[in-house]
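Protein chains in written order, with numbering that gives the first Met the number 0: chain A, 0 to 184; chain B, 0 to 556.
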Amino acid sequence: MKNRRRLIGLAIFALVLVAGCGQQNATPAPTPTPAPQPNTSAEQPAGPELTKQTISVFYSDGDLLSLQEEKQEIAFADDLEKYKKAIATLEVPKDKEKHFPLWVDFKYHSLTFDKGRITIDSDGKNLYNLGSGGEGMALEALTKTLFQFPEVESIAILRDGEVVDSLMGHVEITEPFTRDQLENK
Amino acid sequence: MKRSLYPMLLMLLVLLLIPGWAAAATTAQDQPVNLIIGGQAVTPDVPPVIKGGRTLVPVRVIAEGLGAEVDWNAEKKTAEITRNGQKLVLTLNSRQAVVNGKPVQLDTPPVINQQRMLLPLRFVGESLGITVGWENNNRTVIANETPQATLNGQKAPEAVKFYQVNDTLYMTVQTIADQFGLKNHSWKRPERGLNMDGLLALPLDQMESELGGTFTWSQKKNQVEIERISYLTDVKQKGETVHIQTTLPVGSEAIVLNGPHRIVLDLPQTVLDEDLVPLSYGNKEASTAEKESDEADESTDEDGQAVEDEDQTAEAVQADKDVEPVQDELVSDLRFSQFHSSPNTVRVVIELNQKSKYNLTYTDRGIEVQLIPQPRKTGYLIVVDAGHGGKDPGALGVTGNHEKDYTLAVANKTVELLKQYPEFQVVSTRSTDVFLELSERVAIANDWDADLFLSIHANSFSNPKSGGTESFYYNANSKEFAQLVHKHLQGATGFQDRGVKSSGFYVIKHTKMPAVLTETGFLSNPAENSKLTSPAFQEKIAKSLVAAIREYYQSYQ
């Protein structure tokens with residue numbers, strides 16, 4: 000009899016555990032995303048098959064007056080790598096005579112994609128050698144390049160994990176960039 | 000007897016075999032689920048179970064404990080529950096339920112356990128107007144009649160929940176403290192309370208010692224009356240502090256209004272003290288209304304009170320404290336009034352001669368408003384902003400020079416020149432090599448209510464041949480200023496004219512006054528950089544900026 004009670008108690012208890020401890024709504028713990036290495040470019044000979052895609056990338060003209068478009072081919076294993084390769088391509092124009100990169104040696108801690116939003120956590124040690132107009136063009140080049148992928152709805156840029164007023168001291172980045180903003184420009 | 004154990008053992012085994020659950024099982028403590036219904040501990044023959052986060056209890060508990068009638072239809076496998084005109088139909092193993100004829104989705108369906116039908120207690124209880132809560136510390140489900148609760152004569156908000164344990168009634172504390180504006184109130188004796196659905200609930204007598212006022216529960220009628228009116232006894236100014244004195248603690252967020260500058264606080268559940276305004280109270284209407292409410296039956300007690308309150312609204316009590324209207328005084332006027340009487344709200348207005356920030360301190364005796372007067376504008380106010388600074392060097396010049404040094408040199412020179420004009424009041428965002436967030440720069444200009452904002456920058460690009468002077472504005476009120484600045488600046492540099500452009504850079508977007516950001520020239524262009532680093536050239540730039548401001552002031556003021 001005693002044993003039975005104990006067992007019933009145990010069984011109830013087990014059920015309680017299954018129920019996720021009573022009435023409180025158990026919210027799933029956010030799964031930490033492993034921080035990807037910035038600018039992964041190492042070719043893996045035995046790696047998975049890479050998708051190739053020709054994309055538009057944007058640079059400045061020689062006078063920092065207007066964006067110049069180039070078509071370049073990138074190869075990637077997954078979407079995250081696609082975004083990273085696209086960003087990396089912003090630093091290397093094919094036409095080095097006429098096209099000047101707006102991004103030079105841009106490092107970031109992580110790039111993540113969630114529900115249509117790309118979040119780039121930039122490295123606070125980056126030095127950007129641009130004035131206000133240049134920063135405006137650089138961010139336009141970055142957002143235009145990433146928004147060509149239809150799944151991207153918004154782009155958030157952080158510095159060392161935090162929301163900051165600005166990346167280079169001129170353009171506001173407190174709110175994520177959205178597709179509409181770009182189209183309204 | 001023995002045989003009945005096997006399914007259970009099997010179930011346990013299954014549970015333990017599933018990874019994760021087994022791990023949890025080893026760390027948890029063996030605790031049953033307790034039931035307290037109508038204040039009494041109940042031990043049903045079939046113990047309650049928790050499924051999908053919901054407690055299921057035998058039908059009998061619901062029938063007897065909650066005083067509901069339960070009809071079991073064996074054919075349809077439905078339980079029909081009725082109580083005080085509320086009707087609920089649940090079907091075994093089905094998530095579909097019907098409440099007063101309307102279909103409702105259950106998260107956990109009724110199940111059969113040990114030949115007893117188990118029903119989801121919270122759903123059934125709440126559908127029947129019963130309060131059901133989960134006490135996490137003691138793993139207890141508490142269910143009881145929902146009392147009729149009034150707060151200062153008006154129906155208490157739904158969010159205020161009451162739970163009965165034996166002859167003690169507990170209530171959720173923060174939900175009531177919110178009514179008095181006491182946000183995140185710190186409770187003296189939380190250990191006397193229950194943790195109901197994650198919220199602290201304290202016994203009513205403890206509430207009295209925590210918050211003051213009276214909290215009475217008539218167990219027979221199942222009515223709770225909370226009387227907690229705070230009286231405003233005085234509003235007085237002492238230096239830069241305004242003391243708002245109340246008989247009980249109240250909280251209030253201040254609202255800031257301009258033209259004239261005012262700080263406004265609405266004190267919830269507060270009335271003006273009779274001594275403060277002798278004419279405002281003890282009126283006949285109120286007592287008449289009270290009589291009227293007495294005639295009504297007991298359940299309309301709160302309505303009766305509402306009538307009384309409406310009558311008081313007509314009073315529109317307003318009082319003025321005598322503060323000498325001296326022009327130089329920080330506070331020009333103190334006012335208070337019975338702003339609302341249903342619910343009772345007192346409004347205190349601190350009118351100021353000059354813009355002022357404030358800190359609020361909530362005490363047992365009221366609210367202290369510490370005024371922090373902002374520097375007063377005395378002339379045509381120009382904010383000069385040297386771009387970048389401190390940890391942000393800005394762009395890098397070809398000789399290793401930094402943009403932040405150029406901008407500071409020109410800004411400081413500009414400030415010195417502007418100060419020579421008595422009609423100008425000049426404020427710099429930084430006069431040394433310090434870092435400021437862009438939002439701080441904007442706040443300086445907006446807080447000062449500046450007339451002009453000028454941000455000084457220098458450009459850079461990877462092509463050393465790029466060069467020129469450009470000026471930016473964003474808001475429509477800034478275009479003329481931008482054109483003037485650019486005309487003078489480009490004239491002074493003699494660099495390529497890159498023009499006046501519109502772009503939403505942070506400091507020119509969020510400042511309210513005409514605002515311009517200038518890029519004097521390119522630090523990445525060797526010829527321009529050598530000029531930009533020369534003090535004489537910097538002086539020339541500063542003079543051109545001052546000339547632009549002078550021309551703007553003369554043309555547009």
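Note that the Cβ used here is the ideal one computed from N, Cα and C, for glycine as well. Note that the structure is predicted; figures quoted are calculated from it, not measured.
Using a C-beta cut-off of 8 Å, the region 470-487 of chain B makes contact with the region 527-546 of chain B, since at least three inter-stretch Cβ pairs fall below that distance. Taking C-beta atoms under 8 Å as the contact rule, F521 of chain B and S459 of chain B qualify, at a distance of about 6 Å.
Residues of chain A with a Cβ closer than 7 Å to the Cβ of H387 of chain B are, in chain order, G168.
Secondary structure note for L141 of chain A: its alpha helix (DSSP H) is the uninterrupted segment S131 to F146.
The beta carbon of T240 of chain B lies closer than 8 Å to those of E367, V368, Q369 and L370 in the same chain, with the five residues before and after it left out. For G130 of chain A, a Cβ of chain B is located within less than 7 Å of the residue's own Cβ. DSSP lists B:V223 as the bridge partner or partners of W216 of chain B. The C-beta of V58 of chain B has 16 or more other C-beta atoms within 10 Å across all chains shown, which makes the residue buried.
Neighbours of P100 of chain A in chain B, taken as residues whose beta carbon is under 9 Å from its own, are S461 in chain order. If the five residues before and after N99 of chain B are omitted, its C-beta is found closer than 6 Å to the C-beta atoms of K86, all from its own chain and listed in chain order. G160 of chain A is outside the set of residues whose beta carbon lies under 7 Å from a beta carbon in chain B. The shortest CA-to-CA distance from T111 of chain A to any of A:E80, A:T177 and A:T144 is the one to A:E80. No Cβ of chain A is located within less than 7 Å of the beta carbon of N136 of chain B. Distance from L55 of chain B to L89 of chain B at the Cβ level is roughly 11 Å; contact not present, criterion being Cβ atoms closer than 8 Å. Of all residues in the region 417-439 of chain B, only E436, L437 and S438 place a beta-carbon less than 8 Å from a beta-carbon of chain A. Shortest Cα-Cα distance from D62 of chain A to any of A:L166, A:G160, A:G130 and A:E174 involves A:G130. With respect to chain A, the C-beta atom of D391 of chain B has a partner C-beta closer than 7 Å.
Per the C-alpha coordinates, the member of B:G466, B:Q178 and B:V172 positioned closest to R188 of chain B is B:V172. With 16 or more other Cβ atoms inside 10 Å of its own Cβ, K84 of chain A counts as buried. About 18 Å separates the beta carbon of V330 of chain B from that of L266 of chain B, a gap too long to meet the 8 Å contact definition.
Closest in alpha carbon position to E144 of chain B, among B:G212, B:W71, B:A67 and B:N474, is B:A67. Neighbourhood of L49 of chain A in chain B, by CB distance below 8 Å: empty, with the nearest CB roughly 30 Å away. Within the region 92-119 of chain A, F99, P100, L101 and V103 place their CB atoms closer than 9 Å to a CB of chain B, listed in sequence order. Collapsing the DSSP output to three states places D272 of chain B in coil. For L63 of chain A, at least one C-beta of chain B is nearer than 7 Å to its own C-beta. I80 of chain B has B:V69 and B:L87 as its beta-bridge partners, per DSSP. Interface criterion not met: the Cβ of E152 of chain A is under 7 Å from no Cβ in chain B. With 16 or more other Cβ atoms inside 10 Å of its own Cβ, D164 of chain A counts as buried.
A check of alpha carbon separations from Q373 of chain B across B:V383, B:I381 and B:L351 identifies B:L351 as the nearest. Collapsing the DSSP output to three states places G64 of chain B in a helix. By the criterion of at least three beta-carbon pairs nearer than 8 Å, the region 165-181 of chain A is not in contact with the region 88-102 of chain A. T173 of chain A sits exposed, since fewer than 16 C-beta atoms from the chains shown fall within 10 Å of its C-beta.
Excluding its 5 nearest sequence neighbours in each direction, N112 of chain B has C-beta neighbours in its own chain below 7 Å: V45 and V48, listed in chain order.
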